[in-house]
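Report on the structure given below.
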Amino acid sequence: AQKITQTQPGMFVQEKEAVTLDCTYDTSDPSYGLFWYKQPSSGEMIFLIYQGSYDQQNATEGRYSLNFQKARKSANLVISASQLGDSAMYFCAMREVFKAAGNKLTFGGGTRVLVKP
Amino acid sequence: NAGVMQNPRHLVRRRGQEARLRCSPMKGHSHVYWYRQLPEEGLKFMVYLQKENIIDESGMPKERFSAEFPKEGPSILRIQQVVRGDSAAYFCASSDAGTNNQPQHFGDGTRLSIL
Numbered sequence: 113a114q115k116i117t118q119t120q121p122g123m124f125v126q127e128k129e130a131v132t133l134d135c136t137y138d139t140s141d142p143s144y145g146l147f148w149y150k151q152p153s154s155g156e157m158i159f160l161i162y163q164g165s166y167d168q169q170n171a172t173e174g175r176y177s178l179n180f181q182k183a184r185k186s187a188n189l190v191i192s193a194s195q196l197g198d199s200a201m202y203f204c205a206m207r208e209v210f211k212a213a214g215n216k217l218t219f220g221g222g223t224r225v226l227v228k229p
Numbered sequence: 070n071a072g073v074m075q076n077p078r079h080l081v082r083r084r085g086q087e088a089r090l091r092c093s094p095m096k097g098h099s100h101v102y103w104y105r106q107l108p109e110e111g112l113k114f115m116v117y118l119q120k121e122n123i124i125d126e127s128g129m130p131k132e133r134f135s136a137e138f139p140k141e142g143p144s145i146l147r148i149q150q151v152v153r154g155d156s157a158a159y160f161c162a163s164s165d166a167g168t169n170n171q172p173q174h175f176g177d178g179t180r181l182s183i184l
């Protein structure tokens, strides 16, 4: 079974609008962390936002926020006020603390976002 | 630049040659991770190292691939007798601790092409 599932291979979004990128995960580990990374066409991986499994509040970082629904095992990324520079691949990743040395990240397949002017 | 440094950025090898990819972690980071990314796919974990120790190599192919993180110098991912299927982007990441909420910071990757 896939540990991280991103069901949207690609999305268009109008500039200045908000966009939600879906991410569902599968783990039996009681302690885990969820991460979102951005990969622009230049190829580098840029850390965006983190959510811990025990965090009570949804994480926010500037225009990025994470809609964390623990019971549904989802951690959707919301980008508000989209900009042309947001066009990129976005990856959701999970770290399971107690399993497998606890440090490796498991990535989803990614969602490509294209922001239209 | 105090970020994760990978070199070379691009590497071309012929089948059967060896490829050596280098990674210097962020200053103060002692945990290094290697990932591989095939075109249009997510990153796949390969190996996790601390200084002079391999902690988790569950994602490493059993043959031809090896990794090290010596006491001095960068971490090295070595691929012997490369084949076409080794063509991919190889990313190194580092973190300053093994705790849950520390993000891994990535280098810009090495794009390996096998002729």
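In the order they appear, the protein sequences are chains A and B.
All residue numbers for the first sequence refer to this note's numbering, where the first residue is 113 and numbers rise by one.
All residue numbers for the second sequence refer to this note's numbering, where the first residue is 70 and numbers rise by one.
Don't be surprised by glycine CBs; every beta carbon is placed ideally from N, CA and C.
Annotation: B/Tyr-159 has no Cβ neighbours in chain A at a cutoff of 7 Å; minimum Cβ distance is about 11 Å. With its beta carbon less than 7 Å from one in chain B, A/Lys-216 belongs to the interface. Straight-line spacing of the CA atoms in A/Tyr-162 and A/Cys-204 works out to 10 Å. Residues of chain A whose Cβ lies closer than 9 Å to the Cβ of B/Gly-178 are, in chain order, Gly-155, Glu-156, Met-157. Taken in chain order, the members of the stretch 158–177 of chain A whose beta-carbon sits within less than 7 Å of a beta-carbon on chain B are Phe-159, Tyr-162, Gly-164.
In the structure shown, B/Asp-125 falls within a strand segment according to DSSP collapsed to helix, strand and coil. Here DSSP, grouped into helix, strand and coil, assigns B/Leu-184 to coil. Residue-level contact by beta carbon holds for B/Phe-114 and chain A, with a gap shorter than 7 Å. Scanning B/Leu-184, B/Tyr-117, B/Cys-161 for the CA closest to the CA of B/Asn-76 turns up B/Cys-161. Any Cβ of chain B closer than 7 Å to the Cβ of A/Gly-197 would place that residue at the interface, and such an atom is absent. Nearest to A/Val-227 by alpha-carbon distance, out of A/Glu-208, A/Thr-218, A/Ser-192, is A/Ser-192.
Residue-level contact check: A/Gly-122 does not touch chain B, since none of the beta carbons of chain B fall below 7 Å from its beta carbon. When the Cα atoms are used, A/Thr-172 and B/Tyr-104 turn out to be separated by approximately 27 Å. For A/Asp-198 and B/Arg-82, the gap between their C-alpha atoms comes out near 34 Å. DSSP assignment within the stretch 81–113 of chain B yields the following whole beta strand (DSSP E) runs of 3 residues or more, N-terminal first: 88–93, 100–106. Straight-line spacing of the CA atoms in B/His-98 and B/Gly-85 works out to 34 Å. Residue A/Asn-170 holds the alpha-carbon nearest to the alpha-carbon of A/Leu-146 among A/Asn-170, A/Gln-126, A/Thr-132, A/Val-125.
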